[in-house]
Amino acid sequence: MKSYDVCECGQPLRLVERPTPKPQGTEVLLKVLAAGVCHSDLHIWDGYYELGGGKRLDLLARGIKLPLTMGHENVGEIVAAGPDAKGVKIGARVLAHPWIGCGECKVCRRGEENLCVTPRNLGVFSNGGYADYLLVPHPRYLFDAGDIPSEKLAPLACSGVTAYGALKKVGPELKDEPVVIIGAGGVGLMGVALLKAMGGKGAIVVDVDPVKREAAMKAGAIGTIDGKAPDAARQIVDMTKGGAWAVIDFVGSSQTARLGVDSLIKGGKLIIVGLYGGDITVSTPVFPMRAMTIQGSYVGSLPEMTELLDLVRKKGLPPVPVATRPLDQANATLEDLRAGKIVGRVVLTPAG
Numbered sequence: 113m114k115s116y117d118v119c120e121c122g123q124p125l126r127l128v129e130r131p132t133p134k135p136q137g138t139e140v141l142l143k144v145l146a147a148g149v150c151h152s153d154l155h156i157w158d159g160y161y162e163l164g165g166g167k168r169l170d171l172l173a174r175g176i177k178l179p180l181t182m183g184h185e186n187v188g189e190i191v192a193a194g195p196d197a198k199g200v201k202i203g204a205r206v207l208a209h210p211w212i213g214c215g216e217c218k219v220c221r222r223g224e225e226n227l228c229v230t231p232r233n234l235g236v237f238s239n240g241g242y243a244d245y246l247l248v249p250h251p252r253y254l255f256d257a258g259d260i261p262s263e264k265l266a267p268l269a270c271s272g273v274t275a276y277g278a279l280k281k282v283g284p285e286l287k288d289e290p291v292v293i294i295g296a297g298g299v300g301l302m303g304v305a306l307l308k309a310m311g312g313k314g315a316i317v318v319d320v321d322p323v324k325r326e327a328a329m330k331a332g333a334i335g336t337i338d339g340k341a342p343d344a345a346r347q348i349v350d351m352t353k354g355g356a357w358a359v360i361d362f363v364g365s366s367q368t369a370r371l372g373v374d375s376l377i378k379g380g381k382l383i384i385v386g387l388y389g390g391d392i393t394v395s396t397p398v399f400p401m402r403a404m405t406i407q408g409s410y411v412g413s414l415p416e417m418t419e420l421l422d423l424v425r426k427k428g429l430p431p432v433p434v435a436t437r438p439l440d441q442a443n444a445t446l447e448d449l450r451a452g453k454i455v456g457r458v459v460l461t462p463a464g
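So for the sequence shown, the numbering used here puts the first residue at 113; every next one is plus one.
Shown next, in the form of structure tokens:
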């Protein structure tokens with residue numbers, strides 16, 4: 113089998129050829145049909161997250177091992193299974209849920225494997241889908257693709273479930289108040305579309321790129337704001353008639369988090385999803401005086417993936433732009449993503 117691997121952080125992915133794995137126990141082997149390219153892949157490729165103040169979180173120290181095949185948004189065809197993999201149909205086309213935990217701790221047992229402290233996430237802590245084949249540890253992480261095209265389905269494994277998980281944290285205000293979404297990249301656009309499908313009041317989208325603001329309007333936003341505008345916070349307050357009840361930051365920089373805080377109404381909530389990096393300082397009296405909540409949201413759980421796919425079957429696929437490229441363009445695609453040239457999602461399709 114062939115894969116494109118991170119062998120050295122910050123260096124181009126290398127084409128690697130190795131024997132195709134043979135599934136053992138409960139493992140299932142997929143022939144990869146589609147592998148989405150996510151912004152978080154850039155952080156893995158670089159080998160760190162920016163923490164602000166000149167500090168970095170080193171991902172190798174966090175437990176990521178090289179060489180690594182990235183790719184956590186995967187759809188494939190089941191071609192083999194271990195003897196203990198029950199209910200598996202050879203030839204079935206499936207979506208692989210990538211946010212896998214140990215399966216035994218309290219967090220995993222309550223269905224939130226994405227929060228496990230010893231994760232085995234596909235494409236992060238174990239090999240992912242920038243390859244001909246992908247090994248999934250258990251059938252419970254596989255979802256029938258139905259009649260959804262592979263390239264449209266793959267982004268739901270991260271972009272979709274991440275946006276869905278963040279939107280759920282808004283609470284009942286989602287249906288009564290506009291939600292401010294900062295960042296109109298692949299996840300942000302997915303958030304705009306899913307908010308509409310979930311019966312939300314509507315999304316006000318903030319982005320520095322006019323092309324992405326236009327894409328947000330096409331995805332269903334009720335208004336957009338230029339994030340570079342010096343009065344961006346005031347514009348949000350005016351458009352929300354007094355301040356936002358919920359801001360979801362899909363960027364996660366110092367500037368966007370600050371904008372989120374400055375845009376909240378008393379009692380409002382800032383949900384930070386993006387991993388761009390940075391830091392902010394907020395005076396502690398502000399939290400009780402404004403009854404403000406700042407909450408993180410990390411990808412999505414296995415039950416949330418089930419809920420998301422049910423929603424998509426009822427309401428249709430989110431209208432987010434998706435383009436396909438051959439697997440051998442993995443390096444060029446990552447570079448285009450870093451340069452901000454991609455609107456929506458690019459999905460790699462292994463040849464043959």
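Don't be surprised by glycine CBs; every beta carbon is placed ideally from N, CA and C.
Evaluate contact between the stretch 321 to 330 and the stretch 348 to 360, counting only Cβ atoms and requiring at least three cross-stretch pairs below 8 Å.
-> no
Taking the CB atoms as reference points, tell me whether aspartate 256 and alanine 204 lie closer together than 8 Å.
-> Numbered from 1 along the sequence shown, position 144 holds the residue referred to as residue 256. Numbered from 1 along the sequence shown, position 92 holds the residue referred to as residue 204. Against a cut-off of 8 Å, the Cβ pair of alanine 204 and aspartate 256 comes out as a contact.
Could you name each continuous beta strand (DSSP E) segment of 3 residues or more that falls completely within the stretch 380 to 440, going from the start of the chain to the end?
-> 405 to 408, 434 to 438
How would you call arginine 126, buried or exposed, if buried means at least 16 neighbouring beta carbons within 10 angstroms?
-> The residue given as residue 126 occupies position 14 in the sequence shown. With fewer than 16 Cβ atoms within 10 Å of its Cβ, arginine 126 is classed as exposed.
State yes or no: is the C-beta of lysine 201 within less than 8 Å of the C-beta of isoleucine 190?
-> Residue 201 sits at position 89 when you count from the first residue of the sequence shown. Residue 190 sits at position 78 when you count from the first residue of the sequence shown. Result yes, Cβ atoms of lysine 201 and isoleucine 190 sit closer than 8 Å.
Taking only the alpha-carbon atoms, compute the straight-line gap between tryptophan 357 and methionine 310 and give it to the nearest angstrom.
-> Position 245 of the sequence shown, counted from the first residue, corresponds to residue 357. Position 198 of the sequence shown, counted from the first residue, corresponds to residue 310. Using only the alpha carbons, I get a separation of about 17 Å.
Alpha carbon to alpha carbon, how far is glutamate 129 from isoleucine 176?
-> Here residue 129 refers to the residue found at position 17 when the sequence shown is read from its first residue. Here residue 176 refers to the residue found at position 64 when the sequence shown is read from its first residue. Rounded to the nearest angstrom, the two C-alpha atoms are 21 Å apart.
Ordered list of beta strand (DSSP E) runs contained in the stretch 185 to 269, each at least 3 residues | 185 to 193, 205 to 208, 245 to 248, 254 to 256
Take the Cβ of phenylalanine 399 as the centre, count every other Cβ of all protein chains shown within 10 Å, and call the residue buried at 16 or more, exposed below.
-> Here residue 399 corresponds to residue number 287 of the sequence shown, with the count starting at 1. It is exposed - the Cβ of phenylalanine 399 has fewer than 16 other Cβ atoms within 10 Å.
Do proline 131 and alanine 197 have their CB atoms nearer than 8 Å?
-> Residue numbering aside, residue 131 sits at position 19 when the sequence shown is read from its first letter. Residue numbering aside, residue 197 sits at position 85 when the sequence shown is read from its first letter. No, these two residues do not count as a Cβ contact at 8 Å.
Go ahead and label glycine 188 buried or exposed: buried means 16 or more other beta carbons lie within 10 angstroms of its beta carbon, across all protein chains shown.
-> Start at 1 with the first residue of the sequence shown, and residue 188 comes out as number 76. It counts as buried.
Beta-carbon spacing of leucine 460, valine 149 below 8 Å | Counting from one through the sequence shown, the residue named residue 460 turns up at place 348. Counting from one through the sequence shown, the residue named residue 149 turns up at place 37. The Cβ atoms of leucine 460 and valine 149 lie closer than 8 Å to each other.
Option nearest threonine 436 by Cα separation, candidates Lys324, Gly215, Ala147, Leu421 = To locate residue 436, count along the sequence shown from 1; it is residue 324. Among Lys324, Gly215, Ala147, Leu421, the Cα nearest to that of threonine 436 is on Ala147.
Say whether the stretch 159 to 169 touches the stretch 279 to 288, bearing in mind that this needs 3 or more beta-carbon pairs closer than 8 Å, one atom from each stretch.
-> no
Quick one: complete alpha helix (DSSP H) runs, 4+ long, within the stretch 145 to 187?
-> Correct list: 151 to 158.
Taking only the alpha-carbon atoms, compute the straight-line gap between arginine 450 and proline 195 and give it to the nearest angstrom.
-> Here residue 450 refers to the residue found at position 338 when the sequence shown is read from its first residue. Here residue 195 refers to the residue found at position 83 when the sequence shown is read from its first residue. Arginine 450 and proline 195: Cα-Cα distance of roughly 42 Å.
Measure the C-alpha to C-alpha separation of leucine 429 and lysine 264 and round it to an integer number of angstroms.
-> For the purposes of this step, residue 429 is identified with residue 317 of the sequence shown, where counting begins at 1. For the purposes of this step, residue 264 is identified with residue 152 of the sequence shown, where counting begins at 1. Each residue's Cα considered, the two are about 8 Å apart.
May I ask which residues mark the beginning and end of the alpha helix (DSSP H) holding isoleucine 348?
-> Start at 1 with the first residue of the sequence shown, and residue 348 comes out as number 236. From DSSP, the alpha helix (DSSP H) with isoleucine 348 extends over 344 to 351.
Helix, strand or coil for glutamate 447 per DSSP?
-> Stepping through the sequence shown from its first residue, residue 447 is reached at position 335. Of the three classes helix, strand and coil, the one that applies to glutamate 447 here is helix, per DSSP.
For the putative contact between isoleucine 293 and phenylalanine 362, defined by C-beta atoms under 8 Å, what is the C-beta separation to the nearest angstrom?
-> Locating residue 293 in the sequence shown gives position 181, counting from the first residue. Locating residue 362 in the sequence shown gives position 250, counting from the first residue. Going by Cβ atoms, the distance from isoleucine 293 to phenylalanine 362 rounds to 7 Å, so yes, they are a contact pair.
Per DSSP, the bridge partner or partners of tyrosine 116 | Residue numbering aside, residue 116 sits at position 4 when the sequence shown is read from its first letter. DSSP output for tyrosine 116 lists Leu127 as bridge partner(s).
Does DSSP put glycine 335 in a helix, in a strand, or in coil?
-> Taking the first residue of the sequence shown as position 1, residue 335 is located at position 223. Here glycine 335 sits in strand by DSSP.
Do glutamate 139 and leucine 247 have their CB atoms nearer than 8 Å?
-> Along the sequence shown, one-based indexing puts residue 139 at 27. Along the sequence shown, one-based indexing puts residue 247 at 135. Cβ atoms of glutamate 139 and leucine 247: closer than 8 Å.
Euclidean distance between Cα positions of leucine 376 and valine 349 = On the sequence shown, position 264 is the one that residue 376 refers to. On the sequence shown, position 237 is the one that residue 349 refers to. Rounded to whole angstroms, leucine 376 to valine 349 spans 8 Å at the Cα level.
Whole angstroms is fine: what's the gap from glycine 240's alpha carbon to aspartate 338's?
-> Mapped onto the sequence shown, residue 240 falls at position 128. Mapped onto the sequence shown, residue 338 falls at position 226. Each residue's Cα considered, the two are about 36 Å apart.
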